[in-house]
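Colleague:
Protein chains: 2
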Amino acid sequence: MIDYTESSGDLVEITTKKGVYRGRLLPRHMLSRDDIIIVKLENGYNVGFSTEDIVSIKTIKKAEEVKSVKREIRRGKGPKITLFGTGGTIASYVDYRTGAVHPAISSEDFLFSVPELADIADIDAEMLFSVLSEDITPEHWKKMALEAGKALNSGSEGVVIAHGTDTMSYSASALSFALRNLNGPVVFVGSQRSSDRPSSDAVMNLLSAVRLATSDLGEVVIVMHASSSDDYCHVHRGTRARKMHTSRRDAFKSINSDPIGKVTPEGYELKNYRKKSEGDVEIFPEFEEKVALICAYPGLSAETLEHIISENRGIVIAGTGLGHIKSSMIPVIKEAVKDGKPVVMTSQCLYGTVNMNVYSTGRSLLAAGIIPGGDMLPETAYVKLSWALANIDLEEIGEFMRKNIAGEMEERRFL
Amino acid sequence: MIDYTESSGDLVEITTKKGVYRGRLLPRHMLSRDDIIIVKLENGYNVGFSTEDIVSIKTIKKAEEVKSVKREIRRGKGPKITLFGTGGTIASYVDYRTGAVHPAISSEDFLFSVPELADIADIDAEMLFSVLSEDITPEHWKKMALEAGKALNSGSEGVVIAHGTDTMSYSASALSFALRNLNGPVVFVGSQRSSDRPSSDAVMNLLSAVRLATSDLGEVVIVMHASSSDDYCHVHRGTRARKMHTSRRDAFKSINSDPIGKVTPEGYELKNYRKKSEGDVEIFPEFEEKVALICAYPGLSAETLEHIISENRGIVIAGTGLGHIKSSMIPVIKEAVKDGKPVVMTSQCLYGTVNMNVYSTGRSLLAAGIIPGGDMLPETAYVKLSWALANIDLEEIGEFMRKNIAGEMEERRFL
């Protein structure tokens, strides 16, 4: 095995039996194989070299700048921005033994891998937790809301939350309802390709998010690639964004609303947005965990629906079309409403608005006491109801769900 | 009250105190108000006149042609096409007292309202049932499969099924699996605006569907408006179509696949399609009703998932991202698989394919025995599993779900 003294980030020249390669040494993790070293070549590709094949390694340039960032967490110029890590691809690394992706461990990983952050802001990085986003629960929403609010109320001009993309729109919705009177931006950002892949969107997304966090925005938003190229990122309102592709870098779309802006690492352009408020952020971090999001489908049985209702304090239905479900479900829904369990209707079409006055089924559902969800996304309605059940009197929930709180619905669309 | 002898379809001139209007008398239904008559004006708008306001009604032209179609069901020239009604907007009418839409009653309503059908084909119309599509169940899929297969095996060159749009893609998927070796097209068609509304897409969709039913296509497809204008309709493969807007006329989109053609009342253009077979259609009309389609969401509890599993013979999960769900659900899923209940993973992103080898959660789910659903729509996977549980040996279901049967997945995408 070859002996080498180079460190991650160094620009090196590697000579193997097959040729000479030049690139930056990528960091090693506890799961990295000892006998493989990974280099990001100058063309952007990552290549693994077996140490057996390596004839020599020469350091071209030490990664001084990078390392100084690593050692000293709070530095950089410009406004103070708090960057929270939560796990997910944007903070993940590839286990080169298996090819699988794991969440990163420490907040320094961010500053280490994206030293350009220091050119935009004075970053205060903190790892809140490290879970893949499919494991984020309402408890994590609470933690994020509390910490984001605290940061904004103690001197940060903006907050960036690096989050796995799978459930990022649920979390962004959650903070949209939990944080009121925002005195700075709360910017969720993720990446669809981890930062050690050549096509990674992690760096551009993260830099764009931090740039936006220095703006006068007073909303919770999601910043992700706007297209497959690296032109710019879109700013999606947290309550309107949805992950609409499993793998594309431009997976996030604003549904039933336009993105509220564009952002690059260099600058941003916002329109139709709420400006940050004066005074402190008001924090309402509680969520009711016992809320179900269910899909209407042809074989759904009254028994299954009854069971789901019995285990929850509220239900959001992603109904068909304008907001329908089998008429045999109507008595079950009526019973739930009578028992003080709000039932909200949205549409699995995603685009468009429910309108429960057009067809007889819709009218019967309204008569049964269902709450029409307007043009809210099912996921957003689910988060909103979770918030409402923990913060609003039961008899006021119907009215609350019909009211636009954080850009999640167009009230005039309400039917 | 004014006395008049004109009939539906007649071109009339109505003189009121406010002016003179010319248009076609719209049909009356049992729920129509006696003192209102509805006229489709020449600009396309429907206007209701109170009989009190009418000074005189003059018939300009009798609706002879229309009425003769109404009296004689089977006529028209060209190939024999069977048109099944099932209910839904395309066969619905507005109750002018309440403004609500109700399903039409008889198959003649079709031929009466769209006499141009007779120019395309020799139509044999039959009302299979009349329910709004949110009430369609697997039992209705069976009925449609049996009747469509029977029609094709007894001389019809094509079948058109007029269906409510809410669950039309579920039904089209169902027939895609139930009908094999198709010797003619099975064309689902719906409308987003009922035919007595000025912006109705009913007539163009229906005529286009019947036109396509005369083609050499051997697949189950959906024909609906391709755009908001009346240019042409798209031909969507039944297993790939999804209603993606609550109200737009071009609500249906092919997901993870292009439409396989364009069609107008005058002609069609197909590409990458399966041609009709020789011999009889093979009909496998059975479906297992006890299959659940569930959504992964942050508050989902193991108890709720266990309950849903206990009440069903199989589960399709619309997971997050590349095919994930909270890792606390993995033991529950493992247990279900052990108990002989197949669990299939799809993505709530809709676009893209699941890939369960990228992240640790995906790999654990595979180890637990979950079946990855590739780039299948969650709804299509749900219908496919319902079919599989009624027709395939349990031990072969995993392999069957991974195999492309009716264009529902790209096998090479299978990961």
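If you're matching them up, the sequences are chains A and B in order.
If you're matching positions, the first sequence starts at 1 in the working numbering and goes up one per residue.
If you're matching positions, the second sequence starts at 416 in the working numbering and goes up one per residue.
Yeah, the Cβ is synthetic: ideal placement off N, Cα and C, and Gly gets one too.
Could you tell me whether the Cβ atoms of Glu825 (chain B) and Lys799 (chain B) are closer together than 8 Å?
Modeller: In the second sequence, the residue the question calls residue 825 (chain B) occupies position 410. In the second sequence, the residue the question calls residue 799 (chain B) occupies position 384. No; because the gap between Cβ atoms is not below 8 Å, this pair is not in contact.
Colleague: Listed from N- to C-terminal order along the chain, which residues in the segment 235-268 of chain A have their beta-carbon within a distance smaller than 9 Å of any beta-carbon of chain B?
Modeller: Against chain B - using a Cβ distance shorter than 9 Å - the residues of the segment 235-268 of chain A are Arg242, Lys243, Met244, His245, Thr246, Ser247, Arg248, Ala251.
Colleague: Counting only beta-carbon separations shorter than 8 Å, does Pro746 (chain B) have a partner in chain A?
Modeller: Within the second sequence, residue 746 (chain B) is the residue found at index 331, counting from 1. Chain A, which has no Cβ nearer than 8 Å to the Cβ of Pro746 (chain B), makes this no.
Colleague: At the level of alpha carbons, what is the spacing between Leu366 (chain B) and Leu217 (chain A)?
Modeller: Here chain B comprises residues numbered 416 to 830, so residue 366 (chain B) is not present and cannot be evaluated.
Colleague: Using the DSSP secondary-structure output, state which residues sit across from Pro372 (chain A) in a beta bridge.
Modeller: For the purposes of this step, residue 372 (chain A) is taken as the residue at position 372 of the first sequence. For Pro372 (chain A), which the question treats as bridged, DSSP gives the partners A:Met345.
Colleague: Under the rule that 16 or more other beta-carbon atoms within 10 Å means buried, what is Arg242 (chain A), buried or exposed?
Modeller: Counted from its first residue, the first sequence places residue 242 (chain A) at position 242. Buried: at least 16 other Cβ atoms inside 10 Å.
Colleague: For a cutoff of 8 Å on Cβ pairs, would you count Thr430 (chain B) as touching chain A?
Modeller: Residue mapping note: residue 430 (chain B) aligns to position 15 of the second sequence, counting from 1. It does not; no Cβ of chain A falls within 8 Å.
Colleague: Could you give the distance in angstroms between the alpha-carbon of Val546 (chain B) and the alpha-carbon of Thr501 (chain B)?
Modeller: Residue numbering aside, residue 546 (chain B) sits at position 131 when the second sequence is read from its first letter. Residue numbering aside, residue 501 (chain B) sits at position 86 when the second sequence is read from its first letter. Approximately 6 Å between the Cα atoms of the pair.
Colleague: Taking 7 Å as the cut-off, is the beta-carbon of Lys433 (chain B) closer than that to any non-hydrogen atom of the ligand ZN?
Modeller: The ligand content of the structure shown is nil, which means the ligand ZN is not present either.
Colleague: Between the beta-carbon of Val281 (chain A) and the beta-carbon of Cys233 (chain A), is there less than 8 Å?
Modeller: Here residue 281 (chain A) refers to the residue found at position 281 when the first sequence is read from its first residue. Here residue 233 (chain A) refers to the residue found at position 233 when the first sequence is read from its first residue. In this structure, Cys233 (chain A) does not lie closer than 8 Å to Val281 (chain A) by Cβ.
Colleague: With respect to the alpha helix (DSSP H) encompassing Lys150 (chain A), which residues constitute its N-terminal and C-terminal limits?
Modeller: For the purposes of this step, residue 150 (chain A) is identified with residue 150 of the first sequence, where counting begins at 1. Counting along the chain, the alpha helix (DSSP H) containing Lys150 (chain A) begins and ends at 138-152.
Colleague: Need the endpoints of the alpha helix (DSSP H) that Arg626 (chain B) sits in, please.
Modeller: Position 211 of the second sequence, counted from the start, is the residue given in the question as residue 626 (chain B). Run containing Arg626 (chain B): 617-628, per the alpha helix (DSSP H) assignment.
Colleague: Going along chain B in order, which residues have a C-beta closer than 7 Å to the C-beta of Leu293 (chain A)?
Modeller: Residue 293 (chain A) sits at position 293 when you count from the first residue of the first sequence. Those are Cys710, Tyr712, listed as they occur along chain B.
Colleague: Compare the C-beta of Thr795 (chain B) against all C-beta atoms of chain A and say whether one is closer than 8 Å.
Modeller: Numbered from 1 along the second sequence, position 380 holds the residue referred to as residue 795 (chain B). Not one chain A Cβ lies under 8 Å of Thr795 (chain B).
Colleague: Between which two residues does the alpha helix (DSSP H) harbouring Arg778 (chain B) extend?
Modeller: Position 363 of the second sequence, counted from the first residue, corresponds to residue 778 (chain B). First-last of the alpha helix (DSSP H) with Arg778 (chain B): 775-782.
Colleague: Following the continuous beta strand (DSSP E) through Asn461 (chain B), name the residue where it begins and the one where it ends.
Modeller: Along the second sequence, one-based indexing puts residue 461 (chain B) at 46. Per DSSP, Asn461 (chain B) belongs to the beta strand (DSSP E) from 461-465.
Colleague: Pick out whichever of A:Ser310, A:Gly184, A:Gln192 has its Cα sitting closest to the Cα of Val221 (chain A).
Modeller: To locate residue 221 (chain A), count along the first sequence from 1; it is residue 221. Of the candidates A:Ser310, A:Gly184, A:Gln192, the one whose C-alpha sits nearest the C-alpha of Val221 (chain A) is A:Gly184.
Colleague: What is the rounded straight-line gap between the Cα of Ile38 (chain A) and the Cα of Gln763 (chain B)?
Modeller: The sequence position of residue 38 (chain A) within the first sequence is 38, counting from 1. The sequence position of residue 763 (chain B) within the second sequence is 348, counting from 1. One C-alpha to the other measures close to 34 Å.
Colleague: For Lys253 (chain A), collect the residues of the same chain with a Cβ closer than 8 Å to its Cβ; drop the 5 residues on either side in sequence, then sort them by chain order.
Modeller: Taking the first residue of the first sequence as 1, we reach residue 253 (chain A) at position 253. So the list reads His236, Ala241, Arg242, Met244, once near-sequence residues are dropped.
Colleague: Does the beta carbon of Asp550 (chain B) come closer than 8 Å to any beta carbon on chain A?
Modeller: As a working note, residue 550 (chain B) is residue 135 in the second sequence. For Asp550 (chain B), the answer is yes, since a Cβ of chain A falls inside 8 Å of its Cβ.
Colleague: Hey, is Tyr308 (chain A)'s beta-carbon within less than 8 Å of any beta-carbon in chain B?
Modeller: Translated into positions along the first sequence, residue 308 (chain A) becomes position 308. In the sequence on display, residue 308 (chain A) carries Ile and not Tyr. Ile308 (chain A) counts as touching chain B.
Colleague: On a CA-only basis, which of B:Leu561, B:Asp673, B:Ile732 is nearest Val601 (chain B)? Give me that one, please.
Modeller: Against the second sequence, residue 601 (chain B) aligns to sequence position 186. Nearest option by C-alpha distance: B:Leu561.
Colleague: Report yes or no: do the segment 399-408 of chain A and the segment 363-370 of chain A share at least 3 C-beta pairs separated by less than 8 Å?
Modeller: Cβ pair count under 8 Å is below three, so no.
Colleague: Apart from the five residues on each side of it in sequence, which residues of its chain come closer than 7 Å, Cβ to Cβ, to Glu42 (chain A)?
Modeller: Numbered from its first residue, the first sequence carries residue 42 (chain A) at position 42. So the list reads Arg22, Gly23, once near-sequence residues are dropped.
Colleague: Check the DSSP bridge columns for Met639 (chain B) and list the partner residues they point to.
Modeller: As a working note, residue 639 (chain B) is residue 224 in the second sequence. Per DSSP, B:His649.
Colleague: With a threshold of 16 other CB atoms inside 10 Å of the CB of Asn256 (chain A), please say whether the residue is buried or exposed.
Modeller: For the purposes of this step, residue 256 (chain A) is taken as the residue at position 256 of the first sequence. Buried.
Colleague: Quick one: list the residues of chain A neighbouring Pro553 (chain B), beta-carbon separation under 7 Å, in chain order.
Modeller: Position 138 of the second sequence, counting from 1, holds the residue named residue 553 (chain B). Correct list: Pro298, Gly299.
Colleague: Tyr232 (chain A) CB to nearest chain B CB: under 8 Å?
Modeller: Along the first sequence, read from residue 1 onward, the residue named residue 232 (chain A) stands at position 232. With 8 Å as the cut-off, Tyr232 (chain A) does not count as an interface residue toward chain B.
Colleague: Can you give me, in chain order, the residues of the segment 302-326 of chain A that have a beta carbon less than 8 Å from any beta carbon in chain B?
Modeller: Listed by position, the residues of the segment 302-326 of chain A near chain B (Cβ gap below 8 Å) are Glu303, Thr304, His307, Ile308, Glu311, Asn312, Ala318, Gly319, Thr320, Gly321, Leu322, Gly323, His324, Ile325, Lys326.
Colleague: Please confirm whether Asp339 (chain A) has its beta-carbon closer than 8 Å to some beta-carbon of chain B.
Modeller: By one-based count along the first sequence, residue 339 (chain A) stands at place 339. Chain B, which has no Cβ nearer than 8 Å to the Cβ of Asp339 (chain A), makes this no.
Colleague: Does any residue of chain E have a CB that is nearer than 8 Å to the CB of Glu52 (chain A)?
Modeller: Among the protein chains in the structure shown, which are A and B, there is no chain E.
Colleague: Using a Cβ cut-off of 8 Å (strictly closer), state whether Val344 (chain A) contacts chain B.
Modeller: Counted from its first residue, the first sequence places residue 344 (chain A) at position 344. Taking Cβ atoms only, chain B never reaches closer than 8 Å to Val344 (chain A), which makes this a no.
Colleague: Is DSSP giving Phe592 (chain B) helix, strand or coil here?
Modeller: Stepping through the second sequence from its first residue, residue 592 (chain B) is reached at position 177. Three-state result, Phe592 (chain B): helix.
Colleague: Please state the DSSP three-state secondary structure of Ala406 (chain A).
Modeller: As a first step, residue 406 (chain A) is located in the first sequence; it is residue number 406 there, counting from the start. Coil.
Colleague: Please confirm whether Lys705 (chain B) and Arg689 (chain B) have their CB atoms less than 8 Å apart.
Modeller: As a working note, residue 705 (chain B) is residue 290 in the second sequence. As a working note, residue 689 (chain B) is residue 274 in the second sequence. No. Outside cutoff.
Colleague: Taking Asp468 (chain B) as the reference, give the member of B:Val435, B:Thr431, B:Ile698 with the closest Cα.
Modeller: The residue labelled residue 468 (chain B) in the question sits at position 53 within the second sequence. Nearest C-alpha to Asp468 (chain B): B:Thr431.
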